[in-house]
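Scroll down for the structure; my scribbles are underneath it.
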Amino acid sequence: MKQFFALYRKELHHYIYSLLSYLFIIVFLVGLGWLYWRNVFLLGQTSMREWFALLPWFYLFLLPALSMRLWSEEKKLGTLEKLLTFPISDVQAVLAKFTAAMSFLGVVLALSLPIPFTLNQLGDLDIGPVIGSYLGAWLLGGAYLALGQWISSFTKNQIVAFLITITIGFILLVIGLPAVTLGSGVVGTIFHAVSTHTHFISLAKGVIDVRDIVYYGSVIGLFLYFNMLTLSQRKQRVYSVAQVGLLVAIVIVGNALLAIVSWKVDLTEGKQFTLSTASKSIVQELEDPLTVKVFFSKDLPQDLLALRQDVYDLVNEYTRSGNVNIEYIDPVDSLDAQGEAQSYGIPELQFNVLEGDKFEVTTGYTGIALLYRDQIEVLPVVQGTQSLEYDMTAAVYKMSREELPAIGIVTEYGSATVNGLVQFLEQQYTVTNVAVTDVDIDTMDSVIIVDPAGEIPEEDVYAIDQYMMEGGNVLVLMNGITVDLATQQPTPNSNVINDWLAHHGVVISSNFVADYGSSETLSFGRGILPILKEYPYWPVIIPENFNPDHPITQDLQTAIFPWTSSLRINYADGVTRTDLIYTTLQSVGVSLPTSIEPESVPEPKEDEFQPQLLSVLLEGNFTSYYAGKDKPEGVDVSAFVNATEDGHLLVVGNGNFIVDEVLEQNPSNALFMLNAVDVLTQDESLLTIRSRTALDRPLEQLEDDRKGLIRYVNLGASIILVLILAGVAFAMRKFRSAKVQSKYGKV
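Okay, so the sequence shown: first residue is 4 according to my numbering, each after it adds one.
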């Protein structure tokens, strides 16, 4: 091993003591960093996803530059023959050069660590995908370095080695891109499997899968083996084609067999890509077998091949948790299978694929049917895996329940349409749009009152009051000011619901909350080029403004509340108050604004800023609003309940955040309502699964000057770190040289 380490040090010193190496590093880090930081604040996410998405393209130039000299320079200087006569084996020589290059690549990647450090200061960075991405970047780099090292053994011209490595690396990269469909069927599957990009993206999710590790190990091993064969031929050693073919075949078969295996370590926060404990528990409690029929076509466009594998991996995890039978069906292969898919409501989809030099239309299926006893739940079109576990487990949970909890939604007092919210709730509840006086709301487990405005009948309020006095759960989503979108005019919202809430200790202010620390960016203007502006009247709730200690909000990442009002609380004995949502410290309540136009948003003074309460949960002892009062005419007062010790009242100073128009653009808003309903109906089994789908990790809201400072400080930090590394390296070299000269004298 002495010879190995001697060659390793020689090669590593070449990188460390080469000014050209540091020039390449600076260009690499600054170029990549510039493109990343240019968009990071526009995207507003605490994630390095974009940085690692750009990385493979920069690798195409950096890594061939680092590997082109490994053997070409030896051949050009005539030192190769001398090296091969040393007492060092071909394997040691190849591995020593490769290990030195990998070590230097590790140093290059380490110089980018100021980026995740900065992001973690600006938001809640999930470190799992960062670790997976760095590991993937190192292994991807290893594949390109091994390729470049092999190519450099053919020629003494470093430029030729550089260009050939770029070409082959480019091919291995692009055949895995969703935007480049080079074929379908078996050819598309092969391209997807051999692409370096495919396996890098898998690791970048934060999931260390043995299939990806084995793939990169195989690619690196093959290129290094080919490199060894090239050296052996110079020593007059001949390896038969059969030997080489056998090795390649073993690698291919080994990777193919591993394709059906899923051994992985999920590093993401909350184990985003691992079946949750709640899902396992629900499946284990099934009394009868569950059948899952996965209708996924084999011949899919290349961008759906990864989705198919992810779906298979997730579905297979259910079989390890209980009595679950999985059937994988390709309806394209059989008319009977097509008929079965259609009977479940799984549609035949059309896709564009590239055949030859033109696009062709092909068909396929991406649906799942779950069968339990005599019940069927269907996911007609699976478009991603982010919420797939929740959708499947919710379907199983729904089928296994003898009776679903009943939720009543009251929208008769306003103009809000909440079909989207109803669809979300129907995954595990029986949901009814109710008119309070027409339906016995006592049969409901929870009642949601959406956007009440205008005149509300007194007898309706009496019915709601008595429902809560009997232990019912009431959720009120109400604006202190209503907005007429046709006239663009805000109007105070005052009705008897306000008085009823105030009696129970909650006052909805007649104001708009303006959050200057975290607000949505909207498009304004009626011209050809609308203008994007931050709009403080639409606060964006960031993780630290959700109550971290309550199950309704503890795992939420974001929500948007358009034209919301703040809440004031009057304490009452026997009532437990839990504040759920606040705005940031840079917030004010604007009383009775005359307009909703962005130009009319006032500029407050610093001493006016304070967090605004947007949602509260009150539980415990409540006294009826009608206790000691005259009751509305015509109501039955024979069963009047004066008070309750088990009341639940959740109030949000906003009725806009769950209407269809807002929910379509901000589906994360629904998570708050779904969690609230789960908790209030004493059914929290799916709460943890649903919250894991909230992957939004917003950046801290910053002034433009500070954004620019952060951008340039990070770019400057990369350059400074490279210069420090170079300075230390050359100082150490000078020190060693002086030490040798002092001992042996000048040569």
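Positions of the beta carbon are idealized from the N, C-alpha and C atoms, including for glycine. Since the structure is predicted, the reported quantities are computational estimates derived from the model, not experimental observations.
- Quick one: what does DSSP say residue 59 is sitting in, helix, strand or coil? If DSSP states are grouped into helix, strand and coil, residue 59 belongs with the helices.
- Message: Can you tell me where the alpha helix (DSSP H) holding residue 201 begins and where it ends?
- Response: That run of the alpha helix (DSSP H) goes 199 to 207.
- Query: Are the stretch 614 to 623 and the stretch 572 to 586 touching, with three or more C-beta to C-beta distances below 8 Å?
  - Reply: These segments touch.
- Message: If I follow the unbroken alpha helix (DSSP H) through residue 14, where does it start and stop?
- Response: Looking at the DSSP string, the run of the alpha helix (DSSP H) that includes residue 14 is 5 to 19.
- Message: From the DSSP secondary-structure annotation, give me the bridge partner or partners of residue 367.
- Response: Per DSSP, 352.
- Message: On the DSSP bridge list, what partners appear for residue 107?
- Response: Assignment of beta-bridge partners to residue 107 by DSSP yields no partner.
- Simplified DSSP state of residue 186, which is helix, strand or coil: A caution first: residue 186 carries a pLDDT of 45, below 50, which makes its placement in the model unreliable, though a value can still be read off. Look at residue 186 here: in three-state DSSP terms it is coil, with no helix or strand label.
- Item | residue 153 - containing alpha helix (DSSP H), residue span | That run of the alpha helix (DSSP H) goes 130 to 155.
- Distance between residue 479 and residue 115 (C-alpha atoms, nearest Å): Going from the Cα of residue 115 to the Cα of residue 479 covers about 48 Å.
- Item | Same chain only: Cβ atoms within 7 Å of residue 182, ignoring 5 sequence neighbours per side | Summary for residue 182: the model assigns pLDDT 49, below 50, so the residue's position carries little reliability; its value from the coordinates is reported in the next sentence. Excluding positions up to five away in sequence, the list is empty.
- Query: Is residue 310 helix, strand or coil by DSSP?
  - Reply: Residue state, collapsed to three classes: helix.
- Message: Output needed for residue 60: all residues of its chain with C-beta closer than 6 Å, excluding positions within five of it in sequence on either side, in chain order.
- Response: No residues qualify anywhere along the chain.
- Helix, strand or coil at residue 393 according to DSSP, with G and I counted as helix: Secondary structure at residue 393: helix, using DSSP grouped into helix, strand and coil.
- Message: Can you look up residue 497 in the DSSP assignment and give me helix, strand or coil?
- Response: Residue 497 falls in the coil class under three-state DSSP.
- Task: Please confirm if the stretch 41 to 54 is in contact with the stretch 700 to 708, defined as three or more CB-CB distances below 8 Å between the two stretches.
- Result: Enough Cβ pairs lie closer than 8 Å, so yes.
- Item | Span of the alpha helix (DSSP H) around residue 119 | Note, residue 119: alpha helix (DSSP H), 117 to 125.
- Query: Just curious, the beta strand (DSSP E) that residue 172 is in, first and last residue?
  - Reply: Boundaries around residue 172 are those of the alpha helix (DSSP H), 161 to 177, since no beta strand (DSSP E) includes it.
- Mark residue 282 as exposed unless 16 or more other C-beta atoms lie within 10 angstroms of its C-beta, in which case mark it buried. Answer is buried; the Cβ neighbour count reaches 16.
- Using three-state DSSP, classify residue 582 as helix, strand or coil. It is a strand residue.
- Message: Suppose you measure from the CA of residue 624 to the CA of residue 630; what does that come to, to the nearest Å?
- Response: Cα atoms of residue 624 and residue 630: separation of roughly 14 Å, rounded to the nearest angstrom.
- When you compare only the Cα positions, how much space is there between residue 99 and residue 9? Looking at the backbone, the Cα of residue 99 and that of residue 9 are separated by about 9 Å.
- DSSP state of residue 655, grouped into three classes? Here residue 655 carries a strand assignment [DSSP, helix/strand/coil].
- Message: If you reduce the DSSP assignment to three classes, tell me which class residue 266 lands in.
- Response: The three-state secondary structure of residue 266, taken from DSSP, is coil.
- Query: By DSSP, does residue 289 sit in helix, in strand, or in coil?
  - Reply: In the three-state scheme derived from DSSP, where H, G and I count as helix and E and B as strand, residue 289 is classed as coil.
- Task: Identify whether residue 536 lies in helix, strand or coil by the three-state DSSP scheme.
- Result: Shown here, residue 536 sits in a strand according to DSSP, grouped into three states.
- Task: Let me know the secondary structure DSSP gives residue 555 once reduced to three states.
- Result: Three-state DSSP puts residue 555 in coil, outside helix and strand.
- Would residue 739 be called buried (16 or more neighbouring beta carbons within 10 Å of its own) or exposed? With fewer than 16 Cβ atoms within 10 Å of its Cβ, residue 739 is classed as exposed.
- Can you round the beta-carbon distance between residue 2 and residue 322 to whole angstroms, since I take them to be within the 8 Å contact cut? Absent from the structure is residue 2, since the part of the chain shown begins at 4 and ends at 750.
- Task: Taking all protein chains shown into account, decide if residue 404 is buried (16 or more other Cβ within 10 angstroms of its Cβ) or exposed.
- Result: Around the beta carbon of residue 404, fewer than 16 other beta carbons sit within 10 angstroms, so the residue counts as exposed.
- Tell me the DSSP bridge mates of residue 522? 542.
- Query: From what residue to what residue does the beta strand (DSSP E) around residue 409 run?
  - Reply: Where residue 409 is concerned, the enclosing beta strand (DSSP E) stretches over 409 to 413.
- Item | DSSP bridge partner residues for residue 328 (one or two, in chain order) | Note: residue 328 sits in a beta bridge opposite 294.
- Determine, using beta carbons only, whether residue 607 comes closer than 8 Å to chain D. Among the protein chains of the structure shown there is no chain D, as only one such chain exists.
- Task: Determine the direct distance from the alpha carbon of residue 214 to that of residue 207, and round the result to whole angstroms.
- Result: Distance between the alpha carbons of residue 207 and residue 214: 14 Å.
- Query: Is it the case that the Cβ atoms of residue 513 and residue 484 are separated by a distance below 8 Å?
  - Reply: Yes.
- Message: Only counting the same chain, and skipping five residues up and downstream in sequence, which positions put a Cβ closer than 6 Å to that of residue 423?
- Response: Excluding sequence neighbours, residue 423 sits near 663 and 666.
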